[in-house]
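**Student:**
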Amino acid sequence: MTMRLSLLLAATCAFLVKTSLAVFADEAWTKDYHYALLGEPSDAALFHQPNPSSRASLIYTVSEEGVLGAVNPRDGSLVWRQILHSGDPHGKTAGFLRAGEGQDVVVSGLGSQVAAWSAADGRQAWHVELGSPLADVEILDWVDAAGTPGPKDALAITTGNKAAVSRLDGATGSTKWQYELDTTDEPYQVSISATQVYAILLHKTMMGYIKLKVISLDPVSGHKTDEYILSSENELSTADTIISVGANSASPIIAWTDSAYSVLKINVIGTKTVSTFNIEKHDEHAVTSIKLHAPYHVNSLSHFLVQYNTDVSHRAEVFHVDPKKGKVEKAYSLPNVAGMGSFSTSTADANVYFTRITRDQVMTVSSVSHGVLGRWTVDSFNVAADKDERVEPVRSVSEVSIKGDSVSAVRSAVLLSTGDWILLRDGTPVWQRPEMLASALSAGFAAPMEAEMLVHELEEEAHSSPLQAYIHRITRHVQDLQRLPTILPTLPQRIVAGFLGTSADGVMANDGFGFHQVIACATKNGRLVALDAGNPSKIMWNHPVADLKTGQEWQPSISSPKGGVLELKSKAGAGVQYNATTGEQLVSILPIDVEADTAAKPVKYSVSGNGLEAQMDGNPAWSFMSAQGERIVSLVPRPVNDPVASIGKVLGDRRVLYKYLDPNLALVATVKDASKTATFYVINSVTGGVLHSSTHARVDLSASISAMVSENWFAYSFTAEASDEGPKGHQLIVGELFESLVPNDRGPLAATANYSSLETTTEPFTLTQSYQIPEPISKMAVTRTRQGITSRQLLAILPDSNAVVGLPYTVLDPRRPVNRDPTKDELAEGLVRYAPVIEFNPQWYLNHQREVTGIKEIVTSPALIESTSLIFAYGLDVFGTRVSPSFSFDVLGGDFNKFQMLGTVAALAVATFVVAPLVARKQSQTMADQVKYTQKLKDAKVLVIGGSSGIGYGVAEALVENGCTVIISSSNPDKVQTTIDRLKKSYPSASSRISGQACNLGDQTTLESNVSKLFDQVGPLDHVVYTAGDALAMLPIQDITMDKLIQAGMVRFFAPLMVGKFAPRYLSGGRNSSITFTTGAVSERPIPNWSAVGSYASGLHGMTRGLALDLKPLRVNLVSPGFVDTELWANTGMSEEQKRKAFEEAEKKMPTGKVPDAGDIAESYLYAMKDRNLTGAVISTNGGHLLV
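Heads up: the sequence shown runs through residues -22 to -1, 1 to 1166, numbered per mature numbering (1 follows the signal peptide of the UniProt record, and there is no 0).
Here's what the structure looks like:
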């Protein structure tokens, strides 16, 4: 026996070693990924301290997508963001961002709106609609003469019919004054000096030139104080050659040049003098653009920098302004440097610093002299780029740290030519944000080239002679050995991972599950960016593929004609193919599939107005014309790669409904503006025949209309307007096409050997069903798996909640039975009763707790394993995940552990060897007795409300001893915890079955919500015991008031009624479950001055009987104790002596001769729970007190 116990102990230890290896993090945060993006930052970017008392800064920007946001410069994480504008999908969105020195708000301007936001958390302080497009927004960076503290005011200048300069209150956004402008001139910018506000307007002459008009305004009243026109007629032919108009400065300036960039003109606003500087050529390369960099603070030195760019280099000159004389002088020059470069302006007190960033260096100089205060080498920007591409800085914003006469550190947020936004700290990259992905126009999946090459290698071996195949395999293995040095360092980790657990995540080259597919995104700026779907933390490659001019658009589409290859097409040109893994352009693609159907004739479609036309080989094939007055809003074809595993749907009784399967299905959506109707047509895209149509009235045509087709079903969604017939709501319609609605019948196609869309007019039988959903859907897609065996999910983008949901098809199935419960066969099929409203289950949200903002499209791809579909959603944010609609039936879970499995098998084997003889001997000695009555409450979950003392505590003790899981509830959290500790100390082996929740039942305003919250917290239950009580309201009738009366019944009457309302939702055992309330003997024998308490106590009798009927078969009973020795007597004001005397008098009259304790009374509650035939009963346990 000793040897057997030793073996058992050893096996148990082997089982317990490293058990933590089987515990994994929730897959919800490991298998999916999310880039919370802003878009490429515009020139409106700055460092600013959200808390003026702290030196910590955030980076703020208004991106080219119209998004305002704050980024932590420490790690690049997004602190907050606000979408100011949906973004212009075909161009840039210009916005304004200003921050006053020492202010805790930032002010933005976009379109015709100006808004102020908390710099710390992005909450909106105020916003103003000016009714006309903004030309500029500035901060009035000084206070009035009265020195009024508080937020600094904003200045806005608008164009259009309501052209004006407005001063907006910094605290509320209200207009303090407004100066209307002449609408014949075009407002350009507003500028502020230490004493004046200037409106700069563009005045067009009869010759087509532009003159600069300056209007001076009093900053306090807004009255015009001066107006003049600068002599600029010969240089300015367009506003594009105006370089800059200085804003907040002691001496604001206007700078412009001619169209040839040969001369620079500068005017100090407020004077009429124009300084002229010749622009020299360097290396025979003409200047192609000029940019001016100046500080934005009134107390800064009046210094600025002018940057000159050529096609191959850039240089700069620094100028000083004499505020008193209004004179501009060139101070010094910065040398010409090859490549693009960016400059940024920083201030410290009145000093101004310029930071220059080139492809290989960061340098900071003072505006006073050209001496370099700090210089740092940039070895690499650490971003993905084309191998022949030079990554250049495009624009930047910097923050410098001054120590003595030098710059000790500088950090710069830099937008690169690749579209990445990075932070350089002293020339070293700290973080990188792939903001170019926020402008993705198209995306697609492709298998890695390595996987496809292996497939071709194996196919070649399979079609060769045995000798050739052997030689080919040896050659392939020799090539694999060449990669051995790179594999060896990771070999131990792979062995351990393979032995201890199975992980679906690995590297792309060793991807057996197909999770590491390549996702390619074509961006608005003409770049093609690739991510690894299984490891998206880093960009795989990022190449420029379209040479777009300023304002030029393109319409890219991405596909994968075969594994390992990405094909990029644009409406403007032919397709180009790329290696999916490396991004290299393919001169010749992989071996051509000679078995492909080269005779296939693609059909091209064109939509115009209310018509759809199909062409085949350039010749018209058919045309579809919608009804008069309708216009086509969308055309959604069935996906090309949409595998179908079965031609029929197997019913619960094993019969089959045959699907109407046609690869040429398409869904056309049309709307009629006059009648606000929407019509949806299911058509055959080869013949143009209409297979099904449905028209809906009262459609909100301003809301999104989305649609999707897959296999033999379709879905579409729209928003219905409010009317007398019903409120405004969002509708989801699902339809399914069958060859026949009779099981095992194929209808007209039953006798057809072959089927052709061109030769048959057979229409399907369509079942449709409509559902109301809680919010609109902007875009739909469907999951895809390799063989189509796995059930599908409808993927929907929810713009209102910034979410992506996956709706199971079982919820959408139009065959759900209406107005009846499903039959046994229908239940076996998975059908549930039809409900007109679908509430989105939290488990359907693929993004979980994340907010995926601005998502516009979803693309899907099958993994190599059948259970899983890869999902990629893009728009402003980028989000990806993988889903298993029918669960992961073909891959081991993330918590599977081989070591633990082997240990378990070994332990079971040893345990069987040890225990088997003991069990056999025990069985031969005795047979177990039946357990019929003593275990009725074992494993029951019971909530005891009022269980922290008195009768409730006695009931809790009895329940623990009966094997129940007990939850104590009382109004005092400390008392609840004390009771839990007390019970655990008395029953240490039952500690895991004892818990508690606090719940205040004495407040009328929160009673209902508190009771509801209590049951939400405790979850499913078997029994509820209510013993809660408070101080007895023993009042003479003449002292009773309504307030005292209501308060007297809160705990003793109203709270039990609320328990009766909410408890049944969590009691699911029918007659096996019960609610037991508590009253008192006063309900049966009145006591003087107890009228209030007695009324409620008697009312519990009626409540119990009523609830017993209302909640049947759930049982409801009432326990009525008499005198009981509990802590409650201390609340009556009695002394111990008075209590002792009262008990002695009672005991003289009681037949039992003894006042019971809580343990005696607890047996009545156990009886009420055990007797499944007891309901609506009053159990009187009073020691016979009522008999005498």
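Cβ coordinates follow ideal geometry from the N, Cα and C atoms, glycine included.
Go ahead and pull the three-state DSSP assignment for I923.
**Tutor:** In the structure shown, I923 sits in a strand (DSSP, three-state: E or B).
**Student:** Rank V523, F874 and S152 by C-alpha distance to the C-alpha of D366 and give the top, closest one.
**Tutor:** Closest option to D366, judged by alpha-carbon separation, among V523, F874 and S152: V523.
**Student:** For the segment 947 to 961 against the segment 913 to 933, do three or more pairs of beta-carbon atoms, one drawn from each stretch, fall closer than 8 Å, so that the two count as touching?
**Tutor:** yes
**Student:** What I want to know is whether the C-beta of T882 ends up closer than 7 Å to one or more non-hydrogen atoms of the ligand ATP.
**Tutor:** Absence of the ligand ATP from the depicted structure is noted, as is the absence of any ligand whatsoever, leaving it without description.
**Student:** Do you know whose CA, among T161, P1129, I247 and V628, lies nearest S194's CA?
**Tutor:** I247
**Student:** Please state whether DSSP places P412 in a helix, a strand or coil.
**Tutor:** coil
**Student:** Since A558 and M686 are thought to touch, with beta carbons under 8 Å apart, how far apart are those beta carbons, to the nearest angstrom?
**Tutor:** Their Cβ separation, rounded to whole angstroms, is 26 Å, which puts A558 and M686 out of contact at 8 Å.
**Student:** Quick check: the Cα distance between R505 and F850, rounded to an integer number of angstroms?
**Tutor:** 18 Å
**Student:** Out of curiosity, what's the CA-to-CA distance linking A113 and N29?
**Tutor:** 29 Å
**Student:** In whole angstroms, what is the alpha-carbon distance linking T325 and D82?
**Tutor:** 18 Å
**Student:** Taking the alpha-carbon positions, what's the P895 to A884 distance?
**Tutor:** 18 Å
**Student:** For a test of the three-state rule: what should DSSP assign to K547, helix, strand or coil?
**Tutor:** strand
**Student:** Would you give the residue range spanned by the beta strand (DSSP E) that L312 belongs to?
**Tutor:** Annotation: the continuous beta strand (DSSP E) that includes L312 extends over K305 to A316.
**Student:** Helix, strand or coil: which one does DSSP assign to I1157?
**Tutor:** strand
**Student:** Among I836, L190, Q995 and Q339, which has the Cα closest to the Cα of D855?
**Tutor:** I836
**Student:** Whole angstroms are fine: how far does the CA of K916 sit from the CA of K910?
**Tutor:** 12 Å
**Student:** Below 8 Å, can you find three or more Cβ-Cβ pairs linking the segment 30 to 41 to the segment 858 to 878?
**Tutor:** no
**Student:** Flag P1066 as yes if its beta-carbon sits less than 8 Å from any beta-carbon of chain D, otherwise no.
**Tutor:** Absent from the structure: chain D. Only one protein chain is present.
**Student:** Which residues does DSSP pair with V944 in a beta bridge?
**Tutor:** V920 and I972
**Student:** Any idea if T8 is buried or exposed, counting beta-carbon neighbours within 10 angstroms, 16 or more meaning buried?
**Tutor:** It is exposed - the Cβ of T8 has fewer than 16 other Cβ atoms within 10 Å.
**Student:** Within 10 angstroms of its Cβ, does A177 collect 16 or more other Cβ (buried), or is it exposed?
**Tutor:** buried
**Student:** Tell me, please, which residues DSSP counts as bridged to H455.
**Tutor:** H455 is not bridged to any residue.
**Student:** Mapping DSSP to helix, strand and coil, what is T1057?
**Tutor:** coil
**Student:** Starting from the C-beta of A316, find all residues in its chain whose C-beta is less than 6 Å away, skip the five residues before and the five after it, and write them out in chain order.
**Tutor:** S291
**Student:** Relative to the alpha-carbon of S948, which residue among P966, G1100, L283 and L979 has its alpha-carbon at the smallest distance?
**Tutor:** L979
**Student:** I'd like to confirm the pairing. Which residues does DSSP put opposite W354 in its beta bridges?
**Tutor:** V340
**Student:** Quick check: the Cα distance between S1073 and S1061, rounded to an integer number of angstroms?
**Tutor:** 7 Å
**Student:** How would you write the range of the alpha helix (DSSP H) that S964 sits in, first residue to last?
**Tutor:** Per DSSP, S964 belongs to the alpha helix (DSSP H) from P951 to S964.
**Student:** Tell me the DSSP secondary structure of E1105 in three-state form.
**Tutor:** helix
**Student:** Do the CB positions of L1035 and M1081 come within less than 8 Å of each other?
**Tutor:** yes
**Student:** Considering only DSSP beta bridges, list what G73 is partnered with.
**Tutor:** G73 is not bridged to any residue.
**Student:** Which residue wins for smallest C-alpha separation from N1151, given the options S1142, T342 and R1093?
**Tutor:** R1093
**Student:** For residue 1240, which beta-bridge partners are listed by DSSP?
**Tutor:** Missing from the structure shown is residue 1240; the chain here goes from -22 to 1166 and no further.
**Student:** How do the segment 809 to 825 and the segment 634 to 649 stand: do at least 3 beta-carbon pairs fall below 8 Å, yes or no?
**Tutor:** no
**Student:** Quick check: what's the CA-CA separation for N950 versus L62?
**Tutor:** 48 Å
**Student:** Helix, strand or coil: which one does DSSP assign to I449?
**Tutor:** helix
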